[in-house]
Amino acid sequence: MEHAEKDLPKAPRNVNCRFDEKLPSSYSRTQHNPHSLLYYGGSSSIWNKKKNYYWFSFICAYLFVWATMFRKSKTKPNGKKPPTEEKKLYLETEYTKVRVTDIDLKELVVLPREIDLNEWLASNTTTFFNLINLQYSTISEFCTGETCQAMSACNTQYYWNDERGKKTKCTAPQYVDFVMSLVQKLVTDDDIFPTKYGKEFPNSFESLVKKICRYLFHVLAHIYWAHFKETVALDLQGHLNTLYAHFIVFIREFNLVDPKETSIMDDLSEVLCSSSADAQNHVKER
Ligand SMILES: [Zn+2]
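Below, the structure is given as C-alpha cells:
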C-alpha cells in the first residue's frame, strides 16, 4: 500500500484558511493572472459572493478528486482487493506440522557416491514430475478456467512462453497442461533423458532440468495458493507438505531454480524445510 499512499494528494491543512495563505502552491501562480482578482482582490459584495462561490466549487472538486483517489488506493487497478491481505491458510501450524515421513530430506537428496550426477538429476526430476502431476490431479477438478482464470501464486502471475517464445496469458489448468505435456515429452525423450547404457546426456541437459524444475515449482505454488483448502478437505496436506519440502531441498542442493523465483514461497519453505530434528517432531499427526 506504500505506493498508494504516496499517490494521495496532500490535504489542505486547514480548509477554512485564507485563500492567499493556504492554497496549494500551484494556485499561487494565478495571482499574476488578471482573473486572480476573483480570488485575491476586490472588495465589493459581488466579488465576495463570486469569491465564495469559486472557493466552494474548488473545495467540492478537491474533495471529489481526493475521495476518488483514496477509493482507488484501496483497490488494485483491476478493482479487486489485493490478495496479500488474505490469510495464508497453509502457514498455520496445524497444517505445517503435518508430514507423512520423518526422513531427513537433506540426506535423501545428496548425490550418493558412485552415482553419476546427471543420472541422479534425471531420476529425481522424473520422480518429482510424476509426484507433482499426481498431487495436482487430486485437485484438478477444482482448478478450472472459471476458478483460476490466470496461473497465479502469491500475487505472482505466470505467463506461458509458446514455441516462438511469445508470452501468452492462459488459465491455470491450461498452464499446468502445457507444463505437464512439455515435461512428459522431455523426460521420455531418449536423446534428453537417455535410458540406454552408454548413451550420453546432451549438453543442454542441465538447463532443461532447471527449466522443468522451475515449471514444477509453479504448479506446487499454485496448489498451495489456490487449492490448499481442497487439499485439506481431501486430507492430503501431509503429502503435499512432504512433497514440497523434498522438492525444495532437492532444488536447493543442486541450485536448480533461481532463489528469486522461489522467494514468493519462502515463508512456507522456511517452516517446512527447517532442520530435520524439527521435522521429526512434527511428523505424522494424521
Ligand atoms: Zn487452480
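Basically the working numbering = 1-based index in the sequence shown + 72.
The beta-carbon is built from N, C-alpha and C at its ideal position, and this holds for glycine as well.
Residue closest to residue i, alpha-carbon to alpha-carbon, out of the options
| i | options | result |
| --- | --- | --- |
| S314 | C215, F200, H299 | It should be pointed out that residue 314 corresponds to Thr in this sequence rather than to Ser. Ranking C215, F200, H299 by Cα distance to T314 puts F200 first. |
| Q246 | Y208, R324, A194, P184 | Y208 |
| Y316 | L203, W192, D307 | L203 |
| E179 | V321, S341, V343, E333 | V321 |
| G270 | T165, N190, S276 | N190 |
| T359 | D263, Y287, L306, K301 | The structure shown has nothing for residue 359, since the chain only spans 73 to 358. |
| E213 | V170, F277, L306, H290 | L306 |
| H299 | I187, N327, S253, T219 | T219 |
Residues sharing a beta bridge with residue i, DSSP
| i | result |
| --- | --- |
| N417 | Any answer about residue 417 is impossible in this case: the structure gives the chain only from 73 up to 358. |
| M223 | Y230 |
Own chain residues within Cβ distance below 7 Å of residue i, not counting five before or after
| i | result |
| --- | --- |
| T216 | P245 |
| T228 | I336 |
| V182 | E325 |
| Q221 | T243 |
| S117 | At S117 the pLDDT is 46, less than 50, meaning the model places this residue with poor confidence and gives no usable figure here. |
| I264 | L258, P274, F277, L280 |
Enclosing alpha helix (DSSP H) for residue i [first to last residue]
| i | result |
| --- | --- |
| M252 | 244–259 |
| C285 | 277–305 |
| F319 | 309–325 |
| D339 | 338–344 |
| V181 | 177–181 |
| P331 | 331–334 |
| F200 | 189–211 |
| Y269 | Premise fails: Y269 is in no alpha helix (DSSP H) and is neither H nor E. |
| T168 | 165–168 |
Neighbourhood of residue i by C-beta, 6 Å cutoff - its chain only, sequence neighbours within 5 removed
| i | result |
| --- | --- |
| Y296 | Y162 |
| I323 | C285, V329 |
| L193 | V281 |
| N353 | Because N353 carries a pLDDT of 48, less than 50, the predicted location of this residue cannot be relied on, and the following value inherits that uncertainty. Result list for N353: empty, nothing under 6 Å. |
| V255 | F201, I284 |
| K241 | Y231 |
Checklist entry - Between the stretch 290–305 and the stretch 225–244, do three or more beta carbon pairs fall short of 8 Å? => result yes
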